[in-house]
Each structure stands twice: as structure tokens, then as C-alpha cells.
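Just so you know, the protein sequences line up as chains A and B, in that order. Count along the first sequence from 1, add 62, and you get the number used in this note's numbering. Count along the second sequence from 1, add 572, and you get the number used in this note's numbering. One structure is given below, encoded as C-alpha cells.
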Amino acid sequence: MRKITYREGVLEALREEMRRDERVFLLGEDIAEFGGSYKTTQGLLQEFGKERVRNTPISEAGIVGAALGAALMGMRPVAEIMYIDFAGIAMDQIVNQVAKVKYMFGGKAKVPLVIRTQGGTGRSSAAQHAQSLEAWWVHVPGLKVVQPSTAYDVKGLLKAAIRDDNPVFFIEHKLLYTTTSEIPEEDYTIPLGKADVKRQGSDVTIVATSRMVHLSLAAADRLAAEGIECEVVDPRTLSPLDEETILASVAKTNKLVVVCEAAPRCSFASEVAAVVAEKGFDLLDAPIQRVTSLHTPIPFAPKLEKFVTPSEDKVIAAVKKITG
Amino acid sequence: MKALDKALLLEIYRKMVAVRVFEETAADLFLKGQLPGFLHSYIGEEAVAAGVCAHLTPQDMITSTHRGHGHAVAKGARLDMMMAELFAKKTGYCHGKGGSMHIADLELGILGANGIVGAGVPIATGAGLAQKMRGSDRVTVAFFGDGGSNTGAFHEGVNMAAVWNLPVVFVCENNQYAESTPRGVHQKVKDIAQRAMAYDIPGVVADGMDVFDVYQKAGEAIDRARTGGGPTLVEAKTYRFLGHYVGDPQTYRSKDEVEQWKQRDPIVLFRRRALEEGKVTAPELDAIDVAIAKEMEAAVQFARESPEPEEEAALQDIFTE
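Have a look at this one:
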């Protein structure tokens, strides 16, 4: 076993998959010499050259559209959108083209591409650089959406995403890049569509994504000191969602708190709550609680950013509300 | 580029007639209420698709538009599978899942008609990128309209193809209107080909009603792309004889204007010149007319007799297993 950071997890996944399959190539803004805004492609230009590690113009629609065209021709592109907040510029290509060509063409096409991006708060990046927009793509049939929370998960899931013959929207988190995990020496991948129980417990199920997994684990430690044992379930893949693991957990605990960094309306937290309310109603002893950001743009001031986003205290309060 | 010998001339004529007959048949069926959805007719623009695609093999690629039947037929698509798709049958190109605006045949390099204006441009850039990375000499042609030339996607796709020197030819079918909006209302440039200067690539204007001129200008551009010379913007000035969609009352343009452009029907112009130059004979052209009419009749029958998709088909082909 050895320890790596989340950033290294991304980098190693990219490097290993590019070595393994010459059809894999990268395109995005500032990913070559600069190594990426979050240094997730550092050194790849030196190893693979500028044909396979391509700096693009600032053209998100062009980046995704070109990735699609290349994928239709049998390449396996990994396109980077620097901030998830910029994905809006590429929305048509992602939603109307990438997600739909296989279906609209009656199954003939294959679209083996990955769109990598990062989101989330915590660095005072303000409203246009700090969002959690995963729900936008969970809503679109034809896309797989992955949101890894640990270094171990990000490496295994990114490798799996690159090997998947389908479009995967892969969402990293800017505050997670320095977090670490132990990983095995040997090659490993993690299947898409499988949740992970990050902490076992019997009093309440906390379903959490991305950075909220760490927040929830910290809250769970504090709650354990008071005798409340939380089970923390990390979906890892938001779409397709591993409903079975979530429902099995709720069957055990009979209580659900969903923690998501996004704004509340139509959030991924809402979707999890709806699924469990619909399919696990009889399992529940209390109303489902969502812990999300407030429904505001993300403010710049660190004090205000903290105020509007989830915290350990807010998760603890939600748990206590239903565990009495 | 290949010289316009008899065989090629007859092939070009065959393609133009096939497009015309397909579109007339489809429009007729649509107006009788037999086809679901909507249709965007290519009638009048045949010279552009035929003149460009005459230079392309099945290994070359095209991206197309919502007005894509002409491109598909010119690239070699089968009339029966196209008609079956319009009838929403299982035997259609997209098994009834795509319809008129999403007809595709990857084996023929048809990377799809597209319901989003301008969206095919960056996709063509990507196809060109793959060819360049592989060192192949295959070319990709992106078709789009005057309306499409105003989209951000057009700008991004052309700029990327230019800076990466990709084997892509951007063919603008300027039919003077973006749906109901005349060109003078939606852009200031006199010739869309001028926009090539913004990307430092060659830009050329072609007479989109004259397949000989389209053939020449497109041929130079395609040769340039094939030999590593990078992209070209070809603007074919053309006109659609029907409205934006079949059934469009066309209140935004005068009947006189339509009649004027019809005086330059591309198929009539071709016949006149090809016969004048003595490379083909009238009976040869007439034989093609007859053959296409027969093929079209068989295509409609095939479409009518084909089964509809089962309901379960709606759940299939979202992902590759």
C-alpha cells in the first residue's frame, strides 16, 4: 500500500490509461505546459507530447464538440472543463449531442468520452467559480455522472470512466485535491454505479457526496461521542444511482439525512430523498432531512461562504432532529 | 481533383435528382399527414450537396444540419432506409428513434443530421482532429447555413480547426434566410466567406445553384485539406424553394423572389450545360430520371410495409453495454 493525494489519483489514472491505450488523449485549457489549473495534468505533456495533451482555445463548446467528433471516430478523449461553472458554455454539446447521438442514431454510434471538471466552495472563488451543478447532468438521460470523494475512489473511478464506452461526466472537488488515501500497488478500477459505505452505523443513514462525505464523517465522529452511530453512504456514481445500497442502509437505520453541497432546489439531494420516499417509505421512522447550501449564489467573503454552505454543525443538527 | 468526365457527371446528376425526388416525395407525404414530426426541405440546394460530396468517399465524413436529407443522399445514403426513418419505422436508419433531423450512417461517414443550428461544426472539427492524429488523409466536411454561421459553436469550431490545421472543410449553405429572418437582418458581412479572414484560412464564394462551380471550389478546398493544407470556408450562395419547414406559409418572402431563384434551378442548369458541352446525352439523363422514380417508389413501399419499433425499443441504445 502507498499513500497518494486525490490530485495524484487523477494524474496517475490519466497517465496509466494513456499508457495503456494510445487512443486516449486529453484536451482542455492550460493542461499542457501549465499542467492544469489544479495541476491534475502535470508532467503528462512531457511524457505523451502535445498531440495527446492538447491545450485548447477558451472554447468549451468547441472542446466538447471536438471530443465528440473524435470519439465518434474511435478515439477516447478526456476533455477538461476547468470549472464546472463553465460547462454552461458547452451545454448544447453535452446535453443535445454527446448524451443523445447514440440513441438518436438508433444505437450505431459509440461515444467513449470523459468530461472532467471540478466544482465546490471553500476558496472564496465566488459565485461563478464555486458551484455544485451535478444535478444538471444527472437529469440528462445518456450521461453517466461520477463524483468521487477520496483519492482511492477518484483514481479507480477515473480509470473505469476512461475505459467505459459511454460518456461520463466526472466531477472532482477543488478542496479535495490535497486529501489522501492508501491505495494498493496493483492496478485497480472501481465499477461505475456502485455506492460505498464509508462508515457503518445503525442509527441513521447519511447519504453524502464529494466533499460532504468528509464533512459527514467528521460529524459522525462527534455524534458517536454522544452515542449516535451514523452510517455514511457515498453514492460515488450519481447516475446510474446505486439505489439498492442506499435502501439497504435505510432498511437498517430507518432514518435518512442527505448531504449535498449544492443549492437545494432540484438538487441531487432532492433526487435521493424522492427515491427513498417512493421506494422506502415503510422503512422510514422520520421525515427525510436534506442538508444543502442555502438557495443563494455563493458569496465571496469567507465568512459568508461558510454561512451559506453545509457544516458539521448543520449535519449534526439534522441528525439530531430525527434521532430525537 | 477528378476531371468531370461522363461517369462523374452522370453520378452528380443522379445524386441531384435523387435528392430532388426524395424531397418532393417526402413533402407530398408529409402534407398528406402521413409523416410525423417536421421536415426541412432541401429542394433548390441540390448542387451544393452533390458538388461537394462528389469529392468524398465513404471514408470521408460529413456533419449536417436540420436540412440534412440532401447531404445524406449525396453522401450515399439509401432512399429506402431514409424514407423508413421518416415513417418512424424499425427499418429506418435510426430504427425510428431519430427522425428526419438525426439521420446518420457512420459506415458512410454521415455523422448525423443535427437539430441544433451550428452544432455540427465543432463535431466536424473533432472528426478532423482524429484523422490528423492518425495521420490519415480522410477529410471531414461540415455543412451549416447562414444562420449557423452566427453561432458561437461555429466560431469555436472553425477557430480550433484553423489553429490545429485540421483536414476539415466548412461549407456554408447561404440560402439567404435563417428560418424567417433575411440575412441582411441577421448579419452585416456581404459574404460569409469573408469571415475566413478572422481565422486566417482561405475563404471562397461559390455559386450554389451551379454544380460545376460548387464542384470546382469545393474540390480545391477538399484537396487542400487532404494534403495537409488545413481548413477552408466555402460559402455556397443558394436558395431553398420551399419554406424553412414543409408547410411554412413563407410570409417573410415574396413569391416573385422565389420565382426568380427558380429560374436558376440547379438541375435545369446542369442539364443545359452538360448537354451543351456534349459530355452526356439527353437519353442518358432521362434514364436516370426513370430509374430514380422507380427507386423512390420502391423506397416508399418499403417504408410503408416495414414494421414499427416495439415499445421496448424506447429503452434501448441509451448506452453501449
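Yeah, the Cβ is synthetic: ideal placement off N, Cα and C, and Gly gets one too.
Answer with yes or no whether the minimum CB distance from residue i to chain A is below 8 Å.
| i | result |
| --- | --- |
| residue 661 of chain B | no |
| residue 744 of chain B | no |
| residue 701 of chain B | yes |
| residue 892 of chain B | yes |
| residue 632 of chain B | no |
| residue 759 of chain B | no |
| residue 884 of chain B | no |
| residue 684 of chain B | yes |
| residue 725 of chain B | yes |
| residue 688 of chain B | yes |
| residue 849 of chain B | no |
| residue 728 of chain B | yes |
Just to confirm the assignment, what range does the alpha helix (DSSP H) spanning residue i have?
| i | result |
| --- | --- |
| residue 228 of chain A | Unbroken run through residue 228 of chain A: none, as it is neither H nor E. |
| residue 838 of chain B | 838–848 |
| residue 384 of chain A | 374–385 |
| residue 128 of chain A | 122–134 |
| residue 164 of chain A | 163–166 |
For a contact meaning CB atoms closer than 8 Å, what does residue i contact in chain A?
| i | result |
| --- | --- |
| residue 644 of chain B | Within chain A, no residue comes near residue 644 of chain B; the closest Cβ sits about 12 Å away, beyond 8 Å. |
| residue 735 of chain B | 119 |
| residue 678 of chain B | 134, 167, 170, 171 |
| residue 888 of chain B | 169 |
Give the interface partners of residue i over in chain A, defined as CB-CB distance under 9 Å, in chain order.
| i | result |
| --- | --- |
| residue 666 of chain B | 165, 166, 167, 168, 169, 170 |
| residue 691 of chain B | 123, 127, 154, 155, 158, 159 |
| residue 669 of chain B | 165, 166, 167, 168, 169 |
Going along chain B in order, which residues have a C-beta closer than 7 Å to the C-beta of residue i?
| i | result |
| --- | --- |
| residue 130 of chain A | 695, 698 |
Who are the Cβ neighbours of residue i in its own chain at under 6 Å, not counting the five residues just before and after it?
| i | result |
| --- | --- |
| residue 732 of chain B | 697 |
| residue 632 of chain B | 681, 710, 711 |
| residue 615 of chain B | 595, 813, 814 |
| residue 334 of chain A | 269, 320 |
| residue 625 of chain B | 646, 647 |
| residue 214 of chain A | 243, 245 |
What are the boundary residues of the beta strand (DSSP E) that residue i is part of?
| i | result |
| --- | --- |
| residue 873 of chain B | First-last for residue 873 of chain B: 854–877, but that is the alpha helix (DSSP H), not the beta strand (DSSP E). |
| residue 364 of chain A | Element bounds for residue 364 of chain A: not the beta strand (DSSP E) but the alpha helix (DSSP H), 364–370. |
| residue 829 of chain B | No beta strand (DSSP E) contains residue 829 of chain B, which is instead part of the alpha helix (DSSP H) from 827–834. |
| residue 299 of chain A | 299–301 |
| residue 293 of chain A | 292–296 |
| residue 181 of chain A | 176–181 |
| residue 117 of chain A | 115–117 |
| residue 351 of chain A | 351–353 |
| residue 243 of chain A | 242–245 |
| residue 206 of chain A | 206–208 |
| residue 320 of chain A | 318–321 |
| residue 810 of chain B | Residue 810 of chain B -> no beta strand (DSSP E), and no H or E assigned at all. |
Go through its chain and collect everything with a Cβ distance to residue i's Cβ below 8 Å, but skip five positions before and after it.
| i | result |
| --- | --- |
| residue 130 of chain A | 155, 159, 160, 163, 173, 175 |
| residue 104 of chain A | 73, 97, 98 |
Along chain E, which residues have their Cβ under 8 Å away from the Cβ of residue i?
| i | result |
| --- | --- |
| residue 731 of chain B | The structure shown contains no chain E; the protein chains it does contain are A and B. |
If you measure from the beta carbon of residue i to each beta carbon in chain B, is any gap under 8 Å?
| i | result |
| --- | --- |
| residue 387 of chain A | With chain A covering only 63 through 386, there is no way to say anything about residue 387 of chain A. |
| residue 142 of chain A | no |
| residue 63 of chain A | no |
| residue 134 of chain A | yes |
| residue 203 of chain A | yes |
| residue 274 of chain A | no |
| residue 80 of chain A | no |
What does a CB cutoff of less than 7 Å around residue i pick up in its chain, not counting 5 residues either side in sequence?
| i | result |
| --- | --- |
| residue 578 of chain B | 851, 852 |
| residue 148 of chain A | 122 |
| residue 589 of chain B | 839, 860, 861, 864 |
| residue 183 of chain A | 192, 323, 360, 367, 371 |
| residue 789 of chain B | 776, 778, 806 |
| residue 304 of chain A | 255, 256, 257, 297 |
| residue 725 of chain B | 690, 691, 693, 694 |
| residue 795 of chain B | 573 |
| residue 101 of chain A | 69 |
Can you pull the DSSP bridge partners for residue i?
| i | result |
| --- | --- |
| residue 139 of chain A | A/87 |
| residue 805 of chain B | B/742, B/775 |
| residue 754 of chain B | B/749 |
| residue 258 of chain A | A/296 |
| residue 716 of chain B | B/744 |
| residue 66 of chain A | A/243 |
Name the chain B residues that come within less than 8 Å of residue i, Cβ to Cβ?
| i | result |
| --- | --- |
| residue 283 of chain A | The premise fails here: residue 283 of chain A is roughly 39 Å from chain B at the closest Cβ pair, so nothing lies under 8 Å. |
Chain B partners of residue i, CB-CB under 9 Å?
| i | result |
| --- | --- |
| residue 227 of chain A | 891, 892, 893 |
| residue 113 of chain A | 704, 705 |
Any chance the CB of residue i is under 7 Å from a heavy atom of the ligand ADP?
| i | result |
| --- | --- |
| residue 350 of chain A | Ligands are entirely absent from the displayed structure, and the ligand ADP is therefore not among its contents. |
Given that residue i touches chain A, what residues does it touch there, using C-beta distances under 7 Å?
| i | result |
| --- | --- |
| residue 674 of chain B | 166, 167 |
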